[in-house]
Each structure stands twice: as C-alpha cells, then as structure tokens.
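Student:
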Amino acid sequence: IPGLYEASRPITSFIKRTIEQVYGVDTVRIDRNQPHVLKYSTEEGSNHTGVELHHDKCDLTANIMLSRSQSYSGGGTYFP
Numbered sequence: 417i418p419g420l421y422e423a424s425r426p427i428t429s430f431i432k433r434t435i436e437q438v439y440g441v442d443t444v445r446i447d448r449n450q451p452h453v454l455k456y457s458t459e460e461g462s463n464h465t466g467v468e469l470h471h472d473k474c475d476l477t478a479n480i481m482l483s484r485s486q487s488y489s490g491g492g493t494y495f496p
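Every number in the numbering used here is 416 more than the matching position in the sequence shown, counting from 1.
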C-alpha cells in the first residue's frame with residue numbers, strides 16, 4: 417500500500433520505544449519492508465486466503481487485527 421510506512425510511523429515508533437524501555441535495549445531496528453498488510457478473503461475469486469507456514473527473519477513479530485473480530489471467523493496465528 418503506497419504510503420503505508422509513513423502513515424504507520426507513529427505506531428511503529430511507539431512500539432519501538434516501548435520495546436526499548438521494557439527490555440532495556442538501546443536500539444530496536446524496524447525493517448524498511450515492514451509493515452505490510454495482508455487482506456484475507458474467502459469470497460469466490462479471491463486470490464489471498466492465507467499464508468503458508470513460514471519463518472519470519474526477525475526477532476520479534478507483531479500481528480495487528482484491523483477488522484472487528486465479529487466481522488469474520490477463523491484466522492489466527494500458529495507458532496509451531
């Protein structure tokens with residue numbers, strides 16, 4: 417999504433400061449490829465119904481739900 421990184425900067429800055437304070441670290445780096453948004457759909461013709469099992473190449477991952485939980489069923493994150 418064009419402009420997502422700049423639009424989300426206040427949120428990522430808050431998360432970064434919080435991690436630094438809570439865990440007592442001097443610097444937290446946030447990958448320039450983040451954040452990214454995935455929209456899942458079960459509607460006919462949808463080309464995105466989920467992500468295959470994968471390993472994020474970072475020490476910390478944050479998942480933020482952008483829809484009200486009453487507006488869908490299923491979903492979730494699995495940590496093997």
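Beta carbons: idealized from backbone N, C-alpha and C, even for Gly.
(1) When you compare the CB positions of T428 and I446, do they come within less than 7 Å of one another, or not?
(2) Output the boundary residues of the alpha helix (DSSP H) element that contains A423.
(3) Quick check: N479 and T493, are their CB atoms within less than 7 Å of each other?
(4) Quick one: measure Cβ to Cβ for L476 and V453, integer angstroms, because I've assumed they're closer than 8 Å.
(5) Which of helix, strand or coil does DSSP assign to F495?
Tutor: If we stick to the structure as given:
(1) yes
(2) 420-423
(3) yes
(4) Between V453 and L476 the Cβ distance is about 18 Å, and since that is not below 8 Å, they are no contact.
(5) coil
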